[in-house]
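Here the structure is laid out as structure tokens; the discussion comes afterwards.
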Amino acid sequence: SRDEPTTLFDPRRHEAWQGQRWELRAAQWRALALAERIFGAGVRASLSGSALEGAFRALLHLQVPFDSIEGHRDREARFAVAAGLDPVLARVPLIFVFSG
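In the numbering used here, the protein residues as written are 63 to 162.
So this is what it looks like as structure tokens:
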């Protein structure tokens with residue numbers, strides 16, 4: 063008889079993983095709402111490269127309205143300050159990637 067590889071399922075690890083995924087989603091929605099307040103209507107948000115451990119948990123791509131580089135930089139700076147003060151976003155380390 064051949065020894066079959068065995069995969070062990072740890073329900074506690076799975077629950078932690080599920081919780082971390084929901085935490086990422088909550089941060090995505092919070093960032094979207096914050097970006098809409100600062101940049102206006104038409105903001106889109108998407109997560110990529112998510113990780114459960116490490117210095118950063120994911121890239122959050124924010125597609126925002128763009129009118130001028132000066133205006134964009136000002137709104138981006140205001141977003142960064144507000145995100146740092148937000149209790150949900152402060153708890154989930156994300157890299158924000160803006161595109162117009």
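From the three backbone atoms N, C-alpha and C, an ideal C-beta is built for every residue, glycine too. Model, not experiment: these values are computed from the prediction.
- Annotated three-state conformation of VAL159 is strand, per DSSP.
- In the structure shown, ALA103 adopts coil according to DSSP, grouped into three states.
- Straight-line spacing of the CA atoms in ARG83 and ALA120 works out to 11 Å.
- With contacts defined by Cβ atoms closer than 9 Å, ALA89 and LEU147 do not form a contacting pair.
- Short of 7 Å from the beta carbon of GLY111, and not among the five residues preceding or following it, lie these beta carbons of its own chain, in chain order: ALA120 and LEU121.
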